[in-house]
Amino acid sequence: MSYVEVPGAKVPIRMWADPTSVEDSAMQQLRNVATLPWIKGLAVMPDVHFGKGATVGSVIAMQGAVCPAAVGVDIGCGMSAVKTSLTANDLPGDLSRLRSKIEQAIPVGRGMHDDPVEPGGFHGLATAGWDDFWSRFDGVAEAVRFRRGRAAAQMGTLGSGNHFWELCLDSDNSVWIMLHSGSRNIGKELADHHIGQARKLPHNQGLVDRDLAVFIADTPQMAAYRHDLFWAQEYAKYNRAMMMALSQDVIRREFKKAKVTFGDVISCHHNYVSEERYDGMDLLVTRKGAIRAGSGDYGIIPGSMGTGSYIVKGLGNAASFNSASHGAGRRMSRGAAKRRFSTKDLEEQTRGVECRKDSGVVDEIPGAYKPIEKVIDQQRDLVEVVAKLKQVICVKG
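In this note's numbering, the protein residues as written are 107 to 503.
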């Protein structure tokens, strides 16, 4: 489908979703965003759903301003994937050992490494910029600076919620590694700090929703946020690269005879800010639950823990600010999913997948998400499908 245009106060709301299928609370958030004085464009992805301040699945283009709540609290959250030389025939019938080895190598939930993992020990993981990256931590918000030790120990860890690690098969039965994570606790604390700072600023007092508070260009508050935002985005990128290297290390050890090789890693943020130019304007483009899909850009659009995921290539649609969805998108809240579904439902919906099937992950059940095939179909003018993947192992925090 192409987009549907819904009227907005300052800009039209371009929706790659049926407006009648979007919950009222999310539609109100979109209308609220369209009232911001600094906004130059708003694109809505097919996985759109209610979020804090701004919906998940929205692309907000502003001039001279940025809204920290429209980035979200998991700054730089995103996906990484790589194709391996393994095929389905190389995999054992029982995948529980491999899942266990991954869980031992990559801490999940609130877990962290006993000692910070240094990248130099991993084959193929670039170390350029590592020391400079950590030196810039000294410039983050003073209120968060005491978390350095924890940030270092959580580098290369998965987290919880909708974060995951998966082993997948494509339609040719090739094996892929795919993972989803972000900037961990340090990103959340930096986001919370700056969202709080933005709410206090005088120019934000008259907004329809104080969660949409912005920082304005050429102010100390904006400079401080930009520093911490871009640092956290880099942390998230390193975090995924570290986990990918740890994963490849496990796969090499477990499949020594196969002498496994790996393709180029695909990696993309889906909660972040980027400086981009459209219609002759330099804009700050915020993608909250959306990936960049410029012409030729590779991206990853995952489903849920029991359905397929897609490797895609961007078509460079400027109407969406060169963006596409970040996943299937939730169709019900975590609380609603826990009330609606049981562990028996989870077992049925994840049959054939080596994964947790306990009450702690019922809120991540496939039934709580929109059908990924429909989400992909709604953005055929944004991306082309390169590969469809189906997981055989899913690790959750």
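Glycine is no exception: its CB is placed at the ideal position from the N, C-alpha and C atoms.
All values reported here derive from a predicted model rather than from experimental measurement.
### Query
When burial is assigned at 16 or more other CB atoms within 10 Å of the CB, is Ser429 buried or exposed?
buried
### Message
From the DSSP secondary-structure annotation, give me the bridge partner or partners of Arg436.
### Response
Tyr475
### Query
By how many angstroms is the C-alpha of Gln260 removed from the C-alpha of Asp355?
18 Å
### Task
Please name the residue in Val281, Glu382, Lys294 whose C-alpha comes closest to that of Asp196.
Val281
### Task
Please check the pair Ala176 and Lys394, which I expect to be a contact at CB under 8 Å, by giving their CB distance rounded to whole angstroms.
Confirmed, Cβ separation roughly 5 Å.
### Query
To which residues does DSSP link Gln497 through a beta bridge?
Cys274
### Query
From this set, Ala194, Ser206, Leu307, which residue's C-alpha is nearest Asn279's C-alpha?
Ala194
### Task
Find out if the Cβ-Cβ distance for the pair Val501, Val110 is shorter than 8 Å.
no
### Task
Would you grab the beta carbon distance between Gln497 and Glu248 for me? Rounded to a whole angstrom, and I think it's under 8 Å.
Wrong, their Cβ atoms sit about 42 Å apart, outside the cutoff.
### Task
Given a cut-off of 8 Å, decide if Ser108 and Asp487 are closer than it, judged by their beta-carbon atoms.
yes
### Where Asp153 falls: helix, strand or coil (DSSP)
Under the three-state reduction of DSSP output, Asp153 falls in the strand class.
#### Entry: Completely contained alpha helix (DSSP H) runs for the segment 389-447, where each covers 4 or more residues
As far as the segment 389-447 is concerned, its whole alpha helix (DSSP H) runs of at least 4 residues are 440-446.
### Task
With Glu453 as the anchor, note down where its alpha helix (DSSP H) starts and where it stops.
Element bounds for Glu453: 449-455.
### Query
Alpha carbon to alpha carbon, how far is Ser448 from Met284?
27 Å
### Query
Quick one: Cα of Val379 to Cα of Lys363, how far?
43 Å
### Message
Looking at Asn377: is its Cβ nearer than 8 Å to the Cβ of Ile181?
### Response
yes
#### Entry: Residues near Gly217 in its chain [Cβ-Cβ closer than 7 Å; skip 5 each side]
Contacts found: Thr263.
### Query
Considering only residues of the same chain and omitting the five flanking positions on each side of Lys294, which have a CB-CB separation below 6 Å?
Here the set comprises Val179.
### Query
Does DSSP put Thr126 in a helix, a strand or coil?
helix
### Query
Using the beta-carbon count (16 or more within 10 Å), is Ser152 buried or exposed?
A small correction: the amino acid at residue 152 is Pro; Ser does not occupy that position in the sequence shown. Flag for Pro152 reads buried.
### Task
Assign Asn268 to one of three DSSP states: helix, strand, or coil.
The answer is coil: DSSP assigns Asn268 none of H, G, I, E or B.
### Message
Considering only their Cβ atoms, is the gap separating Ala319 from Leu313 smaller than 8 Å?
### Response
Yes. Within cutoff.
### Query
Can you tell me whether Asp334 is buried or exposed, with buried defined as 16 or more other CB within 10 angstroms of its CB?
buried
### Query
What residue does the alpha helix (DSSP H) around Asn377 start on, and which one ends it?
Segment 377-384 is the beta strand (DSSP E) holding Asn377; no alpha helix (DSSP H) there.
### Task
Return the first residue and the last residue of the alpha helix (DSSP H) that Ser280 is part of.
Counting along the chain, Ser280 sits inside no alpha helix (DSSP H); it lies in the beta strand (DSSP E) bounded by residues 280-287.
### Query
Candidates Arg457, Ile119, Pro472: which alpha carbon is nearest Met438's?
It is Pro472 whose Cα lies nearest to the Cα of Met438.
### Task
Determine the extent of the alpha helix (DSSP H) in which Gly465 is found, giving its start and end residues.
Here residue 465 is Ser; the residue named in the question, Gly, does not match the sequence. It is not in any alpha helix (DSSP H) - Ser465 carries neither H nor E in the DSSP assignment.
### Contact set for Gly400: own chain, Cβ-Cβ below 8 Å, skip 5 residues either direction
Answer for Gly400: Gly420, Gly422, Asn428, listed in chain order.
### Task
Return the first residue and the last residue of the alpha helix (DSSP H) that Lys207 is part of.
202-211
### Message
Three Cβ pairs or more, each shorter than 8 Å: is that satisfied between the segment 329-343 and the segment 296-303?
### Response
yes
### Query
Nearest-angstrom Cα distance between Gly435 and Asp464?
22 Å
#### Entry: Element boundaries [beta strand (DSSP E), containing Met121]
119-121
#### Entry: Distance between Val366 and Gln484 (C-alpha atoms, nearest Å)
36 Å
### Query
If we ignore side chains and look at the alpha-carbon of each, how far apart do Asp388 and Ser426 end up?
Going by the C-alpha atoms only, they are around 16 Å apart.
### Message
By alpha-carbon positions, which one of Val117, Lys146, Thr141, Gly163 ends up nearest to Ala132?
### Response
Gly163
### Message
I'd like the span of the alpha helix (DSSP H) that includes Val356, first residue to last.
### Response
The continuous alpha helix (DSSP H) containing Val356 extends over residues 326-360.
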